[in-house]
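First residue of the sequence shown: 4, per my numbering; consecutive thereafter.
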Amino acid sequence: MGVIEFDLTRTVHAGIPEVFARLADISGYNDWMPDHGSMLRRTQLTSPGAPALGTTYLDETSFGPTPGEISAFQPPRTLVYHWWIRSKAGRLRVEGWPAYRLEASDDHTTLVRHNAKVHTYGMYRLATPILRRIAKKERAATLEALAASFEPGGDRRAG
Numbered sequence: 004m005g006v007i008e009f010d011l012t013r014t015v016h017a018g019i020p021e022v023f024a025r026l027a028d029i030s031g032y033n034d035w036m037p038d039h040g041s042m043l044r045r046t047q048l049t050s051p052g053a054p055a056l057g058t059t060y061l062d063e064t065s066f067g068p069t070p071g072e073i074s075a076f077q078p079p080r081t082l083v084y085h086w087w088i089r090s091k092a093g094r095l096r097v098e099g100w101p102a103y104r105l106e107a108s109d110d111h112t113t114l115v116r117h118n119a120k121v122h123t124y125g126m127y128r129l130a131t132p133i134l135r136r137i138a139k140k141e142r143a144a145t146l147e148a149l150a151a152s153f154e155p156g157g158d159r160r161a162g
């Protein structure tokens, strides 16, 4: 197994409850993630109800469909997603855990501590160095888009 893990931080000019709500709103990612600079094309809920522990979703990415679920949900401070890619035979190829931990900087500013962990399996271990670069770029793009989504006019997909 190959392992990728890194941490990123970003200050967002909004309160913790608002930032957590935006990160937990899976369908809402379609409104604020950029059209360019991210491998995410579209995301959709695949389980009913409001986001909670165990909520499932499907991301359409430049690499194809990627299912996932919320694996930790502790409003308004901790949110962890778990996604995976399997072969047609059902073998795990790659899985990841993007985690968000939110801390107040002041009344209207949130420090987002983002931990990204990715495991590669089988032949995909050979791609671990390339996937590390892709993951860092993708996670940084997500944090930038999150911060920008709280700026005036930032709730639309940027081109």
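For every residue, glycine included, the Cβ atom is placed at its ideal position computed from N, Cα and C.
What are the complete beta strand (DSSP E) segments, minimum 3 residues, inside the region 31–79? 43–48, 59–64 and 67–77
Could you please give me the residues that DSSP links to R136 through a beta bridge? Position 133 of the sequence shown, counted from the first residue, corresponds to residue 136. Answer is none; R136 lacks a bridge partner.
Pop quiz: L61 and P70 are said to be a contact at Cβ under 8 Å. What is the actual Cβ separation, rounded to whole angstroms? By one-based count along the sequence shown, residue 61 stands at place 58. By one-based count along the sequence shown, residue 70 stands at place 67. Contact holds; Cβ gap of about 5 Å.
Does Y124 come out as helix, strand or coil in the three-state DSSP assignment? On the sequence shown, position 121 is the one that residue 124 refers to. Note: Y124 maps to coil in three-state DSSP.
Where P155 sits in the DSSP three-state scheme: Locating residue 155 in the sequence shown gives position 152, counting from the first residue. Three-state result, P155: coil.
Nearest to N33 (by Cα), restricted to the options G40, L26, R45 and A24: If you number the sequence shown from 1, residue 33 lands on position 30. For the residues G40, L26, R45 and A24, the minimum Cα distance to N33 belongs to R45.
Is R104 helix, strand or coil when you go by DSSP? If you number the sequence shown from 1, residue 104 lands on position 101. In this structure, R104 counts as strand in the three-state DSSP scheme.
Three Cβ pairs or more, each shorter than 8 Å: is that satisfied between the region 137–150 and the region 46–55? no
Check whether the Cβ atoms of A102 and V83 sit closer than 7 Å, and answer yes or no. Indexing the sequence shown from 1 puts residue 102 at position 99. Indexing the sequence shown from 1 puts residue 83 at position 80. Closer than 7 Å, so yes.
Whole-angstrom distance between A130 and R160, CA atom to CA atom: Indexing the sequence shown from 1 puts residue 160 at position 157. Indexing the sequence shown from 1 puts residue 130 at position 127. In this predicted model, R160 has a pLDDT of only 43, less than 50, meaning its place in the structure is not dependable; the value taken from the coordinates is given anyway. C-alpha separation (whole angstroms): 30 Å.
In angstroms, rounded to a whole number, what distance separates the CA positions of E8 and E98? Translated into the one-based positions of the sequence shown, residue 8 becomes position 5. Translated into the one-based positions of the sequence shown, residue 98 becomes position 95. Whole-angstrom Cα-Cα distance: 12 Å.
Neighbourhood of R13 by C-beta distance below 6 Å, restricted to the same chain and skipping five residues each side: For this step, residue 13 is matched to residue 10 along the sequence shown. Excluding residues within five positions, the ones whose Cβ falls inside 6 Å are V115, L146 and A150.
With a threshold of 6 Å on Cβ separation, who are the neighbours of I19 within its own chain once the five nearest residues in sequence on each side are excluded? Locating residue 19 in the sequence shown gives position 16, counting from the first residue. So the list reads P79, L105, A107 and T113, once near-sequence residues are dropped.
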